[in-house]
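The block underneath contains the structure these notes are about, expressed in structure tokens.
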Amino acid sequence: MNNISSRMSVREISDFLKIIGEACERFQMISLNRQLDAARDMLSENPPIDVAVLGQFKAGKSSFLNSLMGQQVLPVGAVPVTTAITRLQFGTKERVLVRLFNGRTTEVPLSDIADFTSEAKNPGNQKNVAIVDIELPALGKYSGLRLVDTPGLGSVYKYHQSASENWLPSVGTALLAVSSDRPLSEHDLELIRELTGHTPNIILLLTKSDLLSPEQQQEVILFFQQTLERELHRTLPVYLYSTKNSTEDLKQRIEKDIFQKICANRDDEFLRILRYKTLSLSQATLNYLRIALRSSMQADLNRDSLRYQIFNERVNEELMEEELGIISREHQRQTRSMIESYLSPFLSPLIKKVEARLEKDMPLWKGNLWNLSRRYEAWVSETMSEEMRGISKSENLNFLGTQKKAHASFSRSLEAFRKFLGDNIENVLGVKMAGVDWKIDVVEPDHPDIAFTKSFDIHLDLLWFLIPMFLFRRIFERHFMKGIPKEVEINLSRLAYQWEKSVNHAIDVMRNQAVRYIHEELTTIEALLTGNLGQTDDIKQFIAQIESLSENLSRE
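Heads up, the sequence shown stops at 1563 in my numbering, and the numbers go up one at a time, no gaps.
Now the structure itself:
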């Protein structure tokens, strides 16, 4: 698919997409809508070439783009930050347009961009931001390009992931950012597989390369190439990047090898990408049309029997949804006990640690019983927050056992479903279904809140003016100290509960994704099987047209 002809004109590609669109609409191939819309938009709008920086959350995508531009435009942080697609391109003056899902567009100052693109100031994308477009005079050297910052894949926030994945068909050139501290995961390989259907230009960007010595950098690059060759039977160019060491040298190489080449040949590169997307779309369309053709040819003979043979109990949507629900509930029931079992050994050492800190800090507190009680409650809140955050940060991967098991079970069920459906179609119609990557994404659950209890079961501290502290202070200090085991136990229990909710929510998200995959695939196949009675000649005509145009498009 990389040998894309330059002979087919824009007008011919437009006509080709019309034929594909007619076929998709006629035979209800809804699973191709996103690809078709992306190709049509590219053709009609003639936009700048989108150079998208994609990858797992915290791979350094926003930091890379800020460094590339030489100014701090995009928000960065210690947790997943980017919540909406952000596009940056040259403009004669600084301008930011925020486009909402309801179609409204608002111009805002560049200093306010975090209010719309960051998780901290736009949690859950409550402001319904569809995309943010930024124009900067500093991007004059990238004229004809549009840099795209995407939400991280695999982050705690599932809508982040959906935003990035739904946008993939629009990618012109893909820079896949892979952090040096977690190089080339299975999720990265899955993303490359999906990108292969959308762009001929995929480049690996090894970020945070300062974490590696020169020898280690070469080892990682070799590992990349060997893994890609083994898993995907291809290689990809790899570029190093660091915002700390040798930044200018690394930046200049990327600008020269990638951006300057695209800018210098913008029109040719635009057509090459458009042709690639069109050819990829045509191959997917042909696969579905061949299923429709066999269905139509046999439908007149025994339409009901044909449908029954393909949609047997092994590919029944309701049964599959029920099976996925059982998997989800079974693993969710085990989450709390697994987390509590893991946290149990932390109880005694943590009680001793907190008691030791309280014993050290409490003598420094001054004031009456009211002040002492408030200081104790604030100290407990601060200390337990710190300890629970520490446990969450260092141990959170150990809380995800049921989530990982559920992910494996969902993946096996989808694989089995896809195999049964493919076998049925091949046995009944003699058509082998094309491989489709149905990836269930694992997202890291959110981190929990912290709770603390009151100092006294009754409002004893309201009588502070009756209680001489020089006589009773030690009694109250012992009372506070006795409360520490309860505080630790409550917060560990709450930690387990919050992680249980987060992990089980993540399992529900994965189940819903699996259900959606099955529904969309069965809807497409159902439409092809039941809607094509007596349409054999029309389907053959579509196939002949698309095959001929695809051959012209792929010819050197």
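We put the beta carbon where it would ideally sit given N, CA and C, even for glycine.
Consider the Cβ of residue i: report whether some Cβ of chain C lies at a distance smaller than 8 angstroms.
i, result
"residue 1220", "The displayed structure is made up of one protein chain only, and chain C is not part of it."
Among the options, whose alpha-carbon lies nearest the alpha-carbon of residue i?
i, options, result
"residue 1285", "1073, 1510, 1040", "1040"
"residue 1531", "1299, 1423, 1347", "1299"
"residue 1353", "1371, 1341, 1401", "1401"
"residue 1023", "1427, 1043, 1483", "1043"
"residue 1421", "1334, 1489, 1386", "1334"
"residue 1116", "1107, 1109, 1108, 1100", "1100"
"residue 1515", "1045, 1417, 1302", "1417"
"residue 1346", "1316, 1245, 1501", "1501"
"residue 1264", "1370, 1149, 1553", "1149"
"residue 1111", "1119, 1134, 1241, 1120", "1134"
"residue 1274", "1054, 1550, 1524, 1256", "1054"
"residue 1545", "1224, 1377, 1485, 1301", "1301"
"residue 1564", "1046, 1118, 1394, 1237", "Coverage of the chain is limited to positions 1008 through 1563, which leaves residue 1564 absent and any answer about it impossible."
"residue 1397", "1350, 1413, 1382", "1350"
"residue 1356", "1394, 1387, 1369", "1394"
"residue 1370", "1248, 1224, 1485, 1419", "1485"
"residue 1066", "1426, 1248, 1411", "1248"
"residue 1427", "1127, 1036, 1221, 1525", "1525"
"residue 1481", "1419, 1372, 1555", "1372"
Give me, in chain order, the residues of the same chain whose beta-carbon lies closer than 7 angstroms to that of residue i; leave out the 5 immediate sequence neighbours on both sides.
i, result
"residue 1145", "1076, 1077, 1078"
"residue 1170", "Residue confidence for residue 1170 is low, a pLDDT of 42 falling below 50, so the modelled location carries little weight and cannot support an answer."
"residue 1129", "1090, 1122, 1123, 1136"
"residue 1403", "none"
"residue 1491", "1358, 1361, 1362, 1365"
"residue 1471", "With a pLDDT of only 44 at residue 1471, under 50, the local geometry of the prediction cannot be trusted, and no value is derived from it."
"residue 1405", "1349"
"residue 1266", "1149, 1152"
Under 8 angstroms, do residue i and residue j count as touching if we go by C-beta distance?
i, j, result
"residue 1072", "residue 1081", "yes"
"residue 1056", "residue 1276", "yes"
"residue 1215", "residue 1074", "no"
"residue 1234", "residue 1208", "no"
"residue 1270", "residue 1151", "yes"
"residue 1507", "residue 1342", "yes"
"residue 1097", "residue 1147", "yes"
"residue 1488", "residue 1384", "no"
"residue 1424", "residue 1327", "yes"
"residue 1175", "residue 1196", "no"
"residue 1210", "residue 1246", "yes"
"residue 1140", "residue 1094", "yes"
"residue 1254", "residue 1070", "no"
"residue 1324", "residue 1529", "yes"
"residue 1483", "residue 1365", "no"
"residue 1278", "residue 1105", "no"
"residue 1317", "residue 1431", "yes"
"residue 1182", "residue 1058", "yes"
"residue 1063", "residue 1194", "yes"
"residue 1496", "residue 1391", "no"
"residue 1331", "residue 1083", "no"
"residue 1295", "residue 1549", "no"
"residue 1499", "residue 1282", "no"
"residue 1407", "residue 1305", "no"
Leaving aside the five residues before and after residue i along the sequence, list all residues of the same chain whose C-beta is less than 6 angstroms from its C-beta, in chain order.
i, result
"residue 1527", "1038"
"residue 1542", "1303"
"residue 1172", "Because residue 1172 sits at a pLDDT of 47, beneath the cut-off of 50, its placement in the model cannot be relied upon, and the following sentence gives the value as read from the coordinates. There are no such residues."
"residue 1433", "1439"
"residue 1261", "1246"
"residue 1252", "1217"
Round the Cβ separation of residue i and residue j to the nearest angstrom and send it over; I've been treating them as touching at under 8 angstroms.
i, j, result
"residue 996", "residue 1213", "This structure gives no information on residue 996, because the portion of the chain shown stretches from 1008 to 1563."
"residue 1297", "residue 1438", "5 angstroms"
"residue 1505", "residue 1409", "Their Cβ separation, rounded to whole angstroms, is 15 angstroms, which puts residue 1505 and residue 1409 out of contact at 8 angstroms."
"residue 1188", "residue 1218", "6 angstroms"
Who are the Cβ neighbours of residue i in its own chain at under 8 angstroms, not counting the five residues just before and after it?
i, result
"residue 1021", "1050"
"residue 1557", "1286, 1289, 1290, 1293"
"residue 1230", "1190, 1191"
"residue 1029", "1549"
"residue 1429", "1439, 1440"
Report the partner residues of residue i according to the DSSP bridge assignment.
i, result
"residue 1184", "1062, 1212"
"residue 1080", "The partner list for residue 1080 (beta bridge, DSSP) is empty, contrary to what the question assumes."
"residue 1094", "1140, 1155"
"residue 1057", "1153"
"residue 1114", "1104"
"residue 1246", "1212"
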